[in-house]
Amino acid sequence: MDDSGTAARRSAIYLLDQVLGEGRLMSECLGAGALDRLEPADRARAQRLALDTLRGLERADRLLSKHLKRMPALTVRNALRLGTVELCHGAAAHGVVNAMVEIVGKNRHLGHMKGLVNAVLRKIAAEGPEAWAALRAPRLPKWLRNPLVAAWGSPAVAAMELAHLAGAPLDITPRPGAVVDLPGARALPTGSLRLDDAGQVSALPGYEAGTWWVQDAAAALPAKVLAAEPGERILDMCAAPGGKTLQMAATGAAVVALDISDARLNRLRENLARTGLVAEVVVSDALAHTGQYDAILLDAPCSATGTIRRHPDLPFAKDGSEFGGLIELQSQMLAHAWGLLKPGGRLVYCTCSLLPDEGEVQVEEALEILPGASIDRDALALPGVDPEWVSEEGGLRLRPDYWADLGGMDGFYIACLRKSL
């Protein structure tokens with residue numbers, strides 16, 4: 000029987016094998032039940048260990064390359080990577096080395112490699128922590144780094160990579176008017192609250208009472224830009240997992256939460272029940288939806304390149320080949336949403352992407368193509384929003400390296416389009 004530390008580490012290595020060997024996203028693995036057999040604390044630890052290893056992968060490989068004449072099988076390599084990251088983050092050498100030797104030793108096909116694991120990790124324990132800090136922040140793969148450098152320049156991308164390495168704290172959106180008392184929470188300039196060491200979210204004060212929900216500070220801005228009002232009929236066009244729906248429902252607006260994935264909408268249903276907020280939940284293809292709305296929020300399917308600080312598996316599980324299809328889908332969704340918008344209405348388009356083709360370029364083209372469309376720059380004048388974040392065409396460009404002293408934010412693009420009467 001595994002002790003708790005070994006069980007979590009074994010599962011973390013499995014997740015790394017899936018991401019780095021099979022090109023699967025961690026969310027896919029978790030959705031398929033990869034960690035369901037673990038206790039909640041071990042499940043959280045396994046995820047944290049896998050995410051930390053992916054963030055520091057380049058550093059780990061640089062340190063390991065000095066002690067390996069040739070690369071061993073992927074599972075052994077991932078055990079070494081995980082052990083290296085733990086050791087360089089200050090974990091006790093005895094526990095880490097013994098656990099990795101045990102995990103590899105019990106593998107029928109790889110057990111003969113346990114001596115190598117023992118020898119290499121003992122060397123890493125002696126010299127790794129000091130060497131770790133001297134290494135550069137791991138770089139994004141070229142397929143993603145090159146277009147980002149072309150868009151934002153090398154210094155900005157290097158700053159983003161530092162933000163990715165640091166990871167992401169927990170941000171929450173308080174329900175309007177609710178008193179939220181969370182020990183250690185910091186108020187961010189835009190009104191979100193931030194916890195650097197949250198622990199188990201569902202155990203935090205106010206969770207069960209529905210006084211707040213988890214939502215990155217950047218992801219909370221599109222609904223603030225839309226500024227729903229009581230009685231308005233609002234469409235949240237790609238609603239899951241539902242943070243924006245909750246924000247708009249809390250204003251008293253009549254919100255239709257639309258998404259193609261019934262499974263992903265379950266999280267929204269749970270949050271609506273927990274908070275006591277009301278929205279009409281509809282499972283459907285957005286491009287087939289009909290109706291007329293005062294305002295529409297379109298958080299379009301995208302590359303999710305703005306969320307790498309939370310999802311460091313993304314650069315390893317993807318290669319950019321699907322981006323062209325996503326960009327075309329975004330254009331189709333924008334055009335369809337425009338047809339659902341009443342004259343005089345407003346449409347907030349957003350993506351959690353760092354690529355201009357999914358943000359600035361989409362809106363530039365929409366302003367030329369959509370009948371009666373104009374950009375509303377005034378909608379972006381919100382507390383905590385730096386005017387320098389407003390881009391040339393009138394959208395809001397957010398990046399992971401913004402708020403570096405506060406712990407960063409997800410990358411996002413947000414624009415508010417107005418339809419003429």
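So in numbering that gives the first Met the number 0, spot 335 of the sequence shown is number 334, and the numbers just go up one at a time. The C-beta atom is built at its ideal place from N, Cα and C for all residues, glycine as well.
Under the DSSP definition of a beta bridge, which residues are partnered with T274? Along the sequence shown, read from residue 1 onward, the residue named residue 274 stands at position 275. Note: T274 sits in no beta bridge, so no partner.
For the alpha helix (DSSP H) holding S439, just list the boundary residues, first then last. Residue 439 cannot be examined here, being either before or after the span of the chain that is shown, 0 to 420.
Are the CB atoms of L37 and A59 within a distance shorter than 9 angstroms? For the purposes of this step, residue 59 is taken as the residue at position 60 of the sequence shown. For the purposes of this step, residue 37 is taken as the residue at position 38 of the sequence shown. Not closer than 9 angstroms, so no.
Answer yes if the region 38–49 comes into contact with the region 97–114, meaning at least three C-beta pairs across the two stretches below 8 angstroms, and no otherwise. no
State the DSSP-derived secondary structure class of V148, mapped to helix, strand or coil. Locating residue 148 in the sequence shown gives position 149, where the first residue counts as 1. Looking at V148 - three-state DSSP - the assignment turns out to be helix.
A136 versus R61, L245, G305 and I295, residue with shortest Cα-Cα distance: Stepping through the sequence shown from its first residue, residue 136 is reached at position 137. That would be R61, whose Cα lies nearest to the Cα of A136.
Expressed to the nearest angstrom, what Euclidean distance is found between the alpha-carbon atoms of D404 and A133? Along the sequence shown, one-based indexing puts residue 404 at 405. Along the sequence shown, one-based indexing puts residue 133 at 134. Roughly 21 angstroms separates the two Cα atoms.
Could I get the ranges of all uninterrupted beta strand (DSSP E) runs contained in the region 288–346, with 3 residues as the minimum, in chain order? 292–298
Alpha carbon of E392 to alpha carbon of L366, nearest angstrom: Within the sequence shown, residue 392 is the residue found at index 393, counting from 1. Within the sequence shown, residue 366 is the residue found at index 367, counting from 1. When rounded, the distance between both Cα atoms is 9 angstroms.
Taking G166 as the reference, give the member of L264, R47 and G371 with the closest Cα. What you label residue 166 is simply residue 167 of the sequence shown in a count that begins at 1. Nearest C-alpha to G166: R47.
Taking Cβ positions, are L73 and G22 nearer each other than 9 angstroms? Counting from 1 along the sequence shown, the entry for residue 73 is found at position 74. Counting from 1 along the sequence shown, the entry for residue 22 is found at position 23. No; because the gap between Cβ atoms is not below 9 angstroms, this pair is not in contact.
Which first and last residues belong to the alpha helix (DSSP H) in which A133 is found? For the purposes of this step, residue 133 is taken as the residue at position 134 of the sequence shown. Looking at the DSSP string, the run of the alpha helix (DSSP H) that includes A133 is K113 to A133.
In the DSSP assignment, what are the bridge partners of T172? Position 173 of the sequence shown holds residue 172. Per DSSP, W212.
Buried or exposed: which applies to T289, given that a residue is buried once 16 or more other Cβ atoms fall within 10 Å of its Cβ? As a position in the sequence shown, residue 289 is number 290, starting the count at 1. Under this definition T289 is an exposed residue.
Cα separation between T210 and P314? Locating residue 210 in the sequence shown gives position 211, where the first residue counts as 1. Locating residue 314 in the sequence shown gives position 315, where the first residue counts as 1. In a straight line, the C-alpha of T210 is about 35 angstroms away from that of P314.
Applying the 10 Å Cβ sphere with the 16-neighbour rule, what's the burial state of A141? For the purposes of this step, residue 141 is identified with residue 142 of the sequence shown, where counting begins at 1. The residue you asked about is not Ala; residue 141 is Lys in the sequence shown. Under this definition K141 is an exposed residue.
Express the C-alpha separation of R9 and V18 in angstroms, rounding to a whole number. Along the sequence shown, one-based indexing puts residue 18 at 19. Along the sequence shown, one-based indexing puts residue 9 at 10. Whole-angstrom Cα-Cα distance: 15 angstroms.
Where the beta strand (DSSP E) through R193 begins and ends: Numbered from 1 along the sequence shown, position 194 holds the residue referred to as residue 193. Note, R193: beta strand (DSSP E), L192 to L194.
For L34 and M25, the rounded distance between their alpha carbons: Taking the sequence shown and counting its residues from 1, one reaches residue 25 at position 26. Taking the sequence shown and counting its residues from 1, one reaches residue 34 at position 35. Roughly 11 angstroms between the two C-alpha positions.
Between G241 and A256, is the Cβ-Cβ spacing less than 9 angstroms? The residue given as residue 241 occupies position 242 in the sequence shown. The residue given as residue 256 occupies position 257 in the sequence shown. Yes; because the gap between Cβ atoms is below 9 angstroms, this pair is in contact.
Could you give the distance in angstroms between the alpha-carbon of A222 and the alpha-carbon of D261? Here residue 222 is taken as the residue at index 223 of the sequence shown, counted from 1. Here residue 261 is taken as the residue at index 262 of the sequence shown, counted from 1. Their Cα atoms are separated by approximately 22 angstroms.
Measuring alpha carbon to alpha carbon, tell me which residue in E269, V116, G343 and M236 is nearest A287. If you number the sequence shown from 1, residue 287 lands on position 288. Taking only the C-alpha atoms, the option nearest A287 is M236.
With a threshold of 16 other CB atoms inside 10 Å of the CB of Q246, please say whether the residue is buried or exposed. In the sequence shown, residue 246 corresponds to position 247, counting from 1. Buried, because 16 or more other Cβ atoms sit within 10 Å of the Cβ of Q246.
Hey, L297 and V282: beta-carbon distance below 9 angstroms or not? The residue you call residue 297 lines up with position 298 of the sequence shown. The residue you call residue 282 lines up with position 283 of the sequence shown. No; because the gap between Cβ atoms is not below 9 angstroms, this pair is not in contact.
Tell me whether D1 sits in a helix, a strand or coil according to DSSP, three-state version. The residue labelled residue 1 in the question sits at position 2 within the sequence shown. Note that D1 scores 49 on pLDDT, short of 50, meaning its location in the model is unreliable; the coordinates nonetheless yield the value given after this. It is coil, neither helix nor strand.
Compare the beta carbon distance of V96 and L120 with 9 angstroms and say whether it is the shorter of the two. The residue labelled residue 96 in the question sits at position 97 within the sequence shown. The residue labelled residue 120 in the question sits at position 121 within the sequence shown. In this structure, L120 lies closer than 9 angstroms to V96 by Cβ.
Span of the beta strand (DSSP E) around I374: In the sequence shown, counting from the first residue as 1, residue 374 sits at position 375. A372 to I374 is the extent of the beta strand (DSSP E) around I374.
Helix, strand or coil at D35 according to DSSP, with G and I counted as helix: Residue numbering aside, residue 35 sits at position 36 when the sequence shown is read from its first letter. DSSP places D35 in coil when its eight states are reduced to three.
Beta-carbon contacts of D284 that lie in its chain and below 7 angstroms, excluding the five residues immediately before and after: Mapped onto the sequence shown, residue 284 falls at position 285. Contacts found: I259.
Can you give the Cα-Cα distance for A162 and T52, rounded to whole angstroms? Your numbering for residue 162 matches position 163 in the sequence shown. Your numbering for residue 52 matches position 53 in the sequence shown. Cα-Cα distance, rounded: 15 angstroms.
For the putative contact between G383 and T172, defined by C-beta atoms under 8 angstroms, what is the C-beta separation to the nearest angstrom? Here residue 383 corresponds to residue number 384 of the sequence shown, with the count starting at 1. Here residue 172 corresponds to residue number 173 of the sequence shown, with the count starting at 1. Contact doesn't hold; Cβ gap of about 13 angstroms is too wide.
For D375 and A208, I'd like the C-alpha separation in whole angstroms. Here residue 375 is taken as the residue at index 376 of the sequence shown, counted from 1. Here residue 208 is taken as the residue at index 209 of the sequence shown, counted from 1. Those two C-alpha atoms are separated by around 36 angstroms.
Simplified DSSP assignment, three categories, for A253: Start at 1 with the first residue of the sequence shown, and residue 253 comes out as number 254. Correct three-state label for A253: strand.
Between which residues of its own chain and K243 is the CB-CB distance below 7 angstroms, once the five residues before and five after are set aside? As a first step, residue 243 must be located in the sequence shown, where it is residue number 244. The residues are P221, A222, D235, L296 and D298.
Determine contact between the region 397–414 and the region 332–340, defined as no fewer than three beta-carbon pairs at a distance below 8 angstroms. no
Straight-line gap, Y159 to Y412 (C-alpha atoms, nearest Å): Residue mapping note: residue 159 aligns to position 160 of the sequence shown, counting from 1. Residue mapping note: residue 412 aligns to position 413 of the sequence shown, counting from 1. Note that residue 159 is Met in the sequence shown here, rather than Tyr. Between M159 and Y412, the C-alpha separation is close to 15 angstroms.
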